[in-house]
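J.: Got a structure here, written out as structure tokens. Questions coming.
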Amino acid sequence: MAENTPGDMSEAHFLTIAEVASKMRVSKMTVYRLVHGGELPAVRVGRSFRVTEDDVNEYLRKSFYNAG
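Take the sequence shown: its position 8, counting from 1, is numbered 8 in full-length UniProt numbering, and each next residue is one higher.
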């Protein structure tokens, strides 16, 4: 069985910008801003972007803060 090496994307589950926006409950424009600002890693496929589900989960995990 082959080892997963860093950068190996064979097991990655990619989401569209619309799917990311739905998951995060924000607008697609907000997701585009995060991608273009470098806050959310994305892969360009033709004219569209794809974001791994792991990257979305990591971004959300890092974004939590205690209020109060």
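Quick reminder that beta carbons are idealized off the backbone N, C-alpha and C, glycines included.
Classify Val20: buried if its beta carbon has 16 or more other beta carbons within 10 angstroms, exposed otherwise.
T.: Buried, by the Cβ-count rule.
J.: Please confirm whether Glu53 and Phe14 have their CB atoms less than 9 angstroms apart.
T.: Going by C-beta atoms, Glu53 is nearer than 9 angstroms to Phe14.
J.: Whole angstroms is fine: what's the gap from Arg33's alpha carbon to Tyr65's?
T.: Their Cα atoms are separated by approximately 21 angstroms.
J.: Taking the alpha helix (DSSP H) that Arg33 belongs to, which residues open and close that run?
T.: Where Arg33 is concerned, the enclosing alpha helix (DSSP H) stretches over Lys28 to His36.
J.: Please state whether DSSP places Leu60 in a helix, a strand or coil.
T.: Helix at Leu60.
J.: Between the beta-carbon of Val43 and the beta-carbon of Phe49, is there less than 9 angstroms?
T.: The answer is yes: Cβ separation under 9 angstroms.
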